[in-house]
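K.L.:
Pasting a structure below so you can have a look.
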Amino acid sequence: MTAPDGPPPQELLIVGAGGFARETAQAVRDAAAADLARGRAPRWRLAGHLDDDPALHGRDVDGVPVLGGSDLVHRRPHTGVVVCVGSPRDYAVRARLVRRLALPERRYATVVHPTAAVSASSVLGAGSVLLAHCVLTAAVRVGAHVAVMPHAVLTHDDTVGDFATLASGVRLGGGVRLGRGAYLGAGALVREYTTVGAWSLTGMGSTVLADVPPGEVWAGSPARRLREAGGPALEELRADGEHSGRRPQTPMGSTAG
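All residue numbers for the sequence shown refer to numbering that gives the first Met the number 0, where the first residue is 0 and numbers rise by one.
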């Protein structure tokens, strides 16, 4: 058998061992299989998961070993890393973990499933993951550490901030702006040229026709405000305001002083 063309694969560690991490591991394996089928050396070789739950250490997850806690990334300085944690209950955890690990940007992998369609005019940030059958049509800008779940569609001129999450089946009209850390639930639809604020959460199946302020939870069709976001998201929102030199934004109805 002829050796595949290109340099040998770089080892990759996936931080997390839950559902998103398992899906990312499968995307890495699918990408490697697609590369080999084309006679190319895969870019990544999956070394294992890292997870801060000691009960998982030494176990296999879908055939991939959990090697230890997340701090092991510092013992393997030549290994690529992608952080795959977070849920609607705490969608700020990915930002906290990236901040704690304090790795240089060059350490972070960008994982794209081979069935994803990404236009040449679109840009993906370090540490972001695009799962199966995602579509980025034209001039889409996706920040760092963004999670894009299967069958999400991002159309022309959309901008997605760092640490945002787009659950499966999300559809963005053209010119949509998703703020840093925003979470869109499965099947959410966002009208063209609408802004979804930083660290907000939009419920699954919602239809977003108006701008969503930062740090709020919206749901329904059309989507309407339900309440302010949970504590971890609000903490990130306030921290973003402090780091930028602006007064931190507080959602309407907050009791913060």
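Ideal Cβ positions, reconstructed from N, Cα and C, are used throughout, including at glycine.
Using 9 Å as the threshold, is the C-beta distance between Ala-143 and Val-169 below it?
P.N.:
Residue numbering aside, residue 143 sits at position 144 when the sequence shown is read from its first letter. Residue numbering aside, residue 169 sits at position 170 when the sequence shown is read from its first letter. Not in contact: Ala-143 and Val-169 (Cβ atoms no closer than 9 Å).
K.L.:
In three-state terms, what does DSSP make of His-48?
P.N.:
Within the sequence shown, numbered from 1, the residue matching residue 48 stands at position 49. His-48 falls in the strand class under three-state DSSP.
K.L.:
Mind reading off the beta-carbon distance from Arg-98 to Val-84? Whole number of angstroms is fine, and I expect it under 8 Å.
P.N.:
The residue given as residue 98 occupies position 99 in the sequence shown. The residue given as residue 84 occupies position 85 in the sequence shown. Rounded, the Cβ-Cβ distance is 13 Å, inconsistent with contact.
K.L.:
By a C-beta neighbour count over all protein chains shown, 10 Å radius and 16 as the cutoff for buried, is His-286 buried or exposed?
P.N.:
Here the chain covers residues 0 to 256 and nothing more, so residue 286 does not appear.
K.L.:
Near Ala-16, what residues of its chain come up, given a Cβ to Cβ distance below 7 Å and the 5 sequence neighbours on each side ignored?
P.N.:
Walking along the sequence shown from the start, residue 16 turns up at place 17. Excluding sequence neighbours, Ala-16 sits near His-48, Asp-50, Leu-55, Val-60, Val-65.
K.L.:
With C-beta atoms as the reference, is Gly-178 less than 9 Å away from Thr-194?
P.N.:
Here residue 178 refers to the residue found at position 179 of the sequence shown. Here residue 194 refers to the residue found at position 195 of the sequence shown. Against a cut-off of 9 Å, the Cβ pair of Thr-194 and Gly-178 comes out as a contact.
K.L.:
By Cβ distance, which residues of its chain are closer than 6 Å to Asp-89, with the 5 residues on each side in sequence left out?
P.N.:
In the sequence shown, counting from the first residue as 1, residue 89 sits at position 90. Result list for Asp-89: Pro-231, in chain order.
K.L.:
Secondary structure at Ala-143, three-state DSSP: helix, strand or coil?
P.N.:
Locating residue 143 in the sequence shown gives position 144, counting from the first residue. In this structure, Ala-143 counts as coil in the three-state DSSP scheme.
K.L.:
Closest by CA to Glu-22, which one among Gly-67, Val-81, Thr-206?
P.N.:
Within the sequence shown, the letter at position 23 stands for residue 22. Selected option, being the one with the closest Cα: Val-81.
K.L.:
By alpha-carbon positions, which one of Ala-36, Leu-11, Val-189, Leu-135 ends up nearest to Arg-105?
P.N.:
The count along the sequence shown starts at 1 and reaches residue 105 at position 106. Here the closest residue by C-alpha is Leu-11.
K.L.:
Which residue marks the beginning of the alpha helix (DSSP H) containing Val-97, and which one marks its end?
P.N.:
Start at 1 with the first residue of the sequence shown, and residue 97 comes out as number 98. Here the alpha helix (DSSP H) through Val-97 covers 92-100.
K.L.:
With distances taken between CB atoms, is the gap from Gly-214 to Gly-184 smaller than 9 Å?
P.N.:
Locating residue 214 in the sequence shown gives position 215, counting from the first residue. Locating residue 184 in the sequence shown gives position 185, counting from the first residue. Cβ distance not < 9 Å, so Gly-214 and Gly-184 don't count as in contact.
K.L.:
Please return the same chain residues whose Cβ sits closer than 8 Å to the Cβ of Val-72, not counting the five positions on each side in sequence.
P.N.:
Residue numbering aside, residue 72 sits at position 73 when the sequence shown is read from its first letter. Counting only Cβ-Cβ distances below 8 Å, and skipping sequence neighbours, we find Leu-12, Val-14, Leu-49, Thr-78, Val-80, Leu-100, Leu-102, Arg-106.
K.L.:
Going by DSSP in three states, Pro-231 sits in which element: helix, strand or coil?
P.N.:
By one-based count along the sequence shown, residue 231 stands at place 232. Note: Pro-231 maps to helix in three-state DSSP.
K.L.:
Hey, could you find the ends of the alpha helix (DSSP H) Ala-22 is sitting in?
P.N.:
The count along the sequence shown starts at 1 and reaches residue 22 at position 23. The displayed chain sequence assigns Glu, not Ala, to residue 22. Taken as a continuous stretch (DSSP letters only), the alpha helix (DSSP H) holding Glu-22 covers 18-36.
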